[in-house]
Amino acid sequence: MRLRNGRPGARHNRRMTWCLAAALAIGACTASGPSSDSSSPGASKVRPDGPPGPQYTPPPIEPVTKPPSSPFRSGCSLPLETLRRIRRGYFPGRSPDVMVVPREPNFFGAFVGQSHSGPWDYVQRVPLVFYGPGFIRSQGSLSLDREVTLADLAPTYAELLDTPSPSDVGAPINEVLVPEANRPGRPKLILTIVWDGGGTNVLDAWPDAWPNLATMMAQGSSIEDVVVGSSPSVTPAVHTTMGTGAFPKQHGVVGIPVRVNGAIKAAYPNKTASNLLLPSLADVYDPATGNQAKIGMLAFKSWHLGMIGHGAYRPRGDKDIAVIVDTQERLVTNRRWYTFPQSLKQVPGLQGDIRSVDLDDGRLDSTWRGHEILRDPVLRRDTPAWTLYQTTLIKALLERERFGEDEIPDLFYTNYKQPDEVGHAWNMLLPEMRPTLRYVDDALGDLTHWLDRVVGRRQWVVALTSDHGQGPLAESSGAWPINMTELIGDAEERFGMAAGELVAESSPVGFWIDQGALESGRISAEGVARWLLGYRLEDNVEPGSEVPAGYRDRVREPILSAAFPSVALGRIWGCAQAR
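Numbering-wise, the working numbering comes out as the position in the sequence shown, counting from 1, plus 1.
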């Protein structure tokens, strides 16, 4: 261990409400919603106040003091399903040189601010709900005798559109579809709604916060035990899986950073899909209609572009609508490859939505849940004020651009980022999450009623899903939040390297090692992985800091279950299959 300067980002310092003594309600419950005889599943208005706490049961933690004998054995001993998800998320050259798996429930992060990236069920399990009278069977909860992943979304849409799937990796979920002979043609509009960070464990924690989704689950088809399917479970990779029907192993978008031609780059640099190696469903379907189909997206980051694909970057493609809300609340895009109607910039309502959310507590004081953030455009993007305004923008865009007006089916995708940001800034188990879910749920009801009214009943399909679950409070789960800065600094000290010479980039699932250091022979991925396996909880405590009381009998625990060179993944997979 060695002392380094560091502090949480200013953005989080201004937002965090930390409650180490939070009382957590533990139990199991179910959710139900109002019934409706209309095409849309209903709209239950937001009630910000509610039960005092979430529903959560911490996992058992087995004491371990002996690390695995070697990097290879550490990988081979992982559960087969864990390895399958890691393998699907790996692309040679683009992925980290050293892959790591924290010992569950440990994660890379801090006591204030959790990560959600990994192969474990609690971050992998997500809702996948289809609704659309005439096209989607009304059968409620559906358990299938096969794995269902988010790679199955695009092929299912392709089946509805009667168009080729962009990939043969995922498979259509025909069990949710009305037989083709009984459908009223093709849907005029397919709307995909993603609750970012709204995975199954988040919904389970607040079971009364999403009555509209519960109704849609009951009246449509809600598939049980759906998983992301690949690790890391991060936004760019998973949204690209949704759009392409394939995993990072095929589409190449392995995470937030990727290594391309030896350089670490953003997944979607400059709001372009240059790093995306496969076509999306829209890339295949739109040219097949002579680019007469309307394709669109409204989201908060370029990370979400994988849902619609390349736009005009791909031969035969055109400038699909891609609206990105930047950190100053401006609507932007890359005009070379995408477009959006400039009239959206004049859509009114944001100030009224800010005021409405401000008044949730009965006081007009620029606070939300006691946090003075409603005057700051960077911070209020992640409050329900923007959930309301985003919904207004979606309806304005769909209506002005005439989505769903003709017989050529259109595709539109949106991501509500607020659940994810609230989870990072506070936590999925803290009170800020409940009203956040209530507002995105209200938006769901609002949009389905709007579709009935504007597109027409029995003319549309909605699918709702999420890109990952979230990490609960470390104190509630017993997780040790692995301090990445401390770990990298200790590794640099161990290998005799100056700051920044060892690790070119890091992620919650691995490390890109500096290529110059590797080529010089001073280090090897195998050597780094072996050192990581012996890294213990006590090593990860900054000098001068005390180990929190709940962890003092665990200081000798190795904090990782596995660490191995990524090039060994093929042999490790073979070893695990032969067990």
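Ideal Cβ placement from N, Cα and C applies to all residues, glycine included.
* Asked: When burial is assigned at 16 or more other CB atoms within 10 Å of the CB, is ILE265 buried or exposed?
  -> Here residue 265 corresponds to residue number 264 of the sequence shown, with the count starting at 1. Answer is exposed; the Cβ neighbour count stays below 16.
* For LEU143, count neighbouring C-beta atoms within 10 Å of its own C-beta (all shown protein chains included) and say buried if the count is 16 or more, exposed if not. => The residue labelled residue 143 in the question sits at position 142 within the sequence shown. With 16 or more other Cβ atoms within 10 Å, it is buried.
* Supposed contact pair ALA267 and PRO249 - C-beta distance, whole angstroms, cut 8 Å -> Counting from one through the sequence shown, the residue named residue 249 turns up at place 248. Counting from one through the sequence shown, the residue named residue 267 turns up at place 266. Incorrect: roughly 15 Å between the Cβ atoms, too far for contact.
* **Closest Cα partner of TYR414 within the set LEU503, MET308, PRO80 and ALA564** => Position 413 of the sequence shown, counting from 1, holds the residue named residue 414. Ranking the options by Cα distance to TYR414, first place goes to MET308.
* **Nearest to ASN541 (by Cα), restricted to the options ASP226, LEU380 and ILE560** => Numbered from 1 along the sequence shown, position 540 holds the residue referred to as residue 541. Comparing Cα positions, the closest option is ILE560.
* For THR216, is the classification buried or exposed, using 16 other Cβ atoms within 10 angstroms of its Cβ as the cut-off for buried? -> In the sequence shown, residue 216 corresponds to position 215, counting from 1. With 16 or more Cβ atoms within 10 Å of its Cβ, THR216 is classed as buried.
* To do: Have a look at VAL179 and GLN140 and give me their C-alpha separation to the nearest angstrom.
  => If you number the sequence shown from 1, residue 179 lands on position 178. If you number the sequence shown from 1, residue 140 lands on position 139. Cα to Cα, VAL179 sits roughly 11 Å from GLN140.
* To do: Give the single residue among PRO280, VAL124, CYS77 and VAL463 whose Cα lies nearest to the Cα of SER166.
  => Sequence index remark: in the sequence shown, residue 166 carries index 165 (1-based). Residue PRO280 is the option with its Cα nearest to SER166.
* **For ARG376 and LEU538, the rounded distance between their alpha carbons** => Against the sequence shown, residue 538 aligns to sequence position 537. Against the sequence shown, residue 376 aligns to sequence position 375. The straight-line gap from Cα to Cα measures roughly 40 Å.
* Asked: Can you tell me whether DSSP reads GLY253 as helix, strand or coil?
  -> Against the sequence shown, residue 253 aligns to sequence position 252. Correct three-state label for GLY253: coil.
* **alpha helix (DSSP H) segments (min. 4 residues) lying fully within the segment 216–292** => 236–245, 249–252 and 282–289
* Thinking C-alpha only, which one of ARG382, PRO270, ARG439 and TRP461 is nearest GLU422? -> Position 421 of the sequence shown, counted from the first residue, corresponds to residue 422. Ranking ARG382, PRO270, ARG439 and TRP461 by Cα distance to GLU422 puts ARG382 first.
* Asked: Which residue's Cα is closest to the Cα of ASP411: VAL456, LEU430 and GLN391?
  -> For the purposes of this step, residue 411 is identified with residue 410 of the sequence shown, where counting begins at 1. Per the Cα distances, VAL456.
* **SER231, buried or exposed, once every other Cβ within 10 Å from all chains shown has been counted against 16** => Looking up residue 231 in the sequence shown gives position 230. The residue is buried, with at least 16 neighbouring Cβ atoms inside 10 Å.
* chain D beta carbons: is any one of them nearer than 8 Å to that of SER467? -> As a matter of chain content, chain D is missing from the structure shown, which is built from one protein chain.
* Pull up the distance between the alpha-carbon of GLU181 and that of CYS576, whole angstroms please. => Taking the sequence shown and counting its residues from 1, the one referred to as residue 181 is at position 180. Taking the sequence shown and counting its residues from 1, the one referred to as residue 576 is at position 575. Each residue's alpha carbon lies about 44 Å from the other.
* In angstroms, rounded to a whole number, what distance separates the CA positions of TRP427 and GLY114? -> Within the sequence shown, numbered from 1, the residue matching residue 427 stands at position 426. Within the sequence shown, numbered from 1, the residue matching residue 114 stands at position 113. So the two alpha carbons sit approximately 7 Å from each other.
* **Own chain partners of ALA283 with C-beta closer than 6 Å, once the 5 adjacent residues on each side are dropped** => What you label residue 283 is simply residue 282 of the sequence shown in a count that begins at 1. Only ILE296, ILE309, GLY310 and LEU412 meet the Cβ criterion.
* In whole angstroms, what separates the C-alpha of VAL177 from that of SER168? -> By one-based count along the sequence shown, residue 177 stands at place 176. By one-based count along the sequence shown, residue 168 stands at place 167. Answer to the nearest angstrom: the Cα atoms are 20 Å apart.
* Burial state of LEU533, where buried means 16 or more other Cβ atoms lie within 10 Å -> Taking the sequence shown and counting its residues from 1, one reaches residue 533 at position 532. Its Cβ being crowded by 16 or more others within 10 Å, LEU533 is buried.
* Helix or strand or just coil, what does DSSP make of ILE325? -> Indexing the sequence shown from 1 puts residue 325 at position 324. Strand, per DSSP.
* Asked: From VAL324 to LEU299, what does the alpha carbon distance come to, in whole angstroms?
  -> As a first step, residue 324 is located in the sequence shown; it is residue number 323 there, counting from the start. As a first step, residue 299 is located in the sequence shown; it is residue number 298 there, counting from the start. If I take the Cα positions, the gap works out to 5 Å.
* To do: Return yes when the Cβ of VAL227 is within less than 8 Å of the Cβ of ARG126, no when it is not.
  => Translated into positions along the sequence shown, residue 126 becomes position 125. Translated into positions along the sequence shown, residue 227 becomes position 226. Against a cut-off of 8 Å, the Cβ pair of VAL227 and ARG126 comes out as a contact.
* Asked: Hey, GLY424 and GLN471 are a contact pair by Cβ (cut 8 Å); roughly how many whole angstroms apart?
  -> Start at 1 with the first residue of the sequence shown, and residue 424 comes out as number 423. Start at 1 with the first residue of the sequence shown, and residue 471 comes out as number 470. So it is a contact: roughly 4 Å between Cβ atoms.
* Asked: Which two residues bound the contiguous alpha helix (DSSP H) that contains MET485?
  -> On the sequence shown, position 484 is the one that residue 485 refers to. First-last of the alpha helix (DSSP H) with MET485: 485–495.
* Asked: How is the alpha helix (DSSP H) around SER357 delimited, first residue to last?
  -> For the purposes of this step, residue 357 is identified with residue 356 of the sequence shown, where counting begins at 1. Note, SER357: alpha helix (DSSP H), 351–359.
* Asked: ARG88 to TRP574, Cα distance in whole Å?
  -> Residue 88 sits at position 87 when you count from the first residue of the sequence shown. Residue 574 sits at position 573 when you count from the first residue of the sequence shown. Roughly 8 Å between the two C-alpha positions.
* Give me the Cβ distance between TYR390 and ASP354, rounded to the nearest whole Å; I'm assuming they're in contact under 8 Å. => If you number the sequence shown from 1, residue 390 lands on position 389. If you number the sequence shown from 1, residue 354 lands on position 353. Confirmed, about 5 Å.
* **Cα-Cα separation between LEU190 and VAL556, rounded to whole angstroms** => In the sequence shown, residue 190 corresponds to position 189, counting from 1. In the sequence shown, residue 556 corresponds to position 555, counting from 1. C-alpha separation (whole angstroms): 55 Å.
* To do: Pull up the CB-CB distance for PRO233 and GLY90, whole angstroms please, since I reckon it's below 8 Å.
  => Along the sequence shown, read from residue 1 onward, the residue named residue 233 stands at position 232. Along the sequence shown, read from residue 1 onward, the residue named residue 90 stands at position 89. That belief holds up - the Cβ atoms of PRO233 and GLY90 are roughly 6 Å apart, short of 8 Å.
* Can you give me the Cβ contacts of VAL441 inside the same chain, cut-off strictly under 6 Å, excluding the 5 residues immediately before and after it? => Taking the first residue of the sequence shown as 1, we reach residue 441 at position 440. If we look at VAL441 and ignore the five residues flanking it on each side, its Cβ neighbours are TRP196, THR388 and TYR417.
* Can you list, in chain order, the residues of its chain whose CB lies under 7 Å from that of VAL261, leaving out five sequence neighbours each side? -> By one-based count along the sequence shown, residue 261 stands at place 260. Once the five neighbours on either side are set aside, the close Cβ partners of VAL261 are ARG95 and ASN276.
* Straight-line CA distance for PRO482 to ALA274? -> Your numbering for residue 482 matches position 481 in the sequence shown. Your numbering for residue 274 matches position 273 in the sequence shown. Going by the C-alpha atoms only, they are around 33 Å apart.
* Thinking just about the alpha-carbon of each residue, which of VAL65, GLU373, THR58 and LEU162 is nearest to the one in GLY535? -> Mapped onto the sequence shown, residue 535 falls at position 534. Of the listed residues, the one whose Cα sits closest to GLY535 is VAL65.
* Inter-residue spacing [alpha-carbon to alpha-carbon] between LEU394 and ARG401 -> Within the sequence shown, numbered from 1, the residue matching residue 394 stands at position 393. Within the sequence shown, numbered from 1, the residue matching residue 401 stands at position 400. For LEU394 and ARG401, the distance between alpha carbons rounds to 10 Å.
* Which full runs of the beta strand (DSSP E) of 3+ residues lie inside the segment 88–137, going along the chain? -> 99–103 and 129–132
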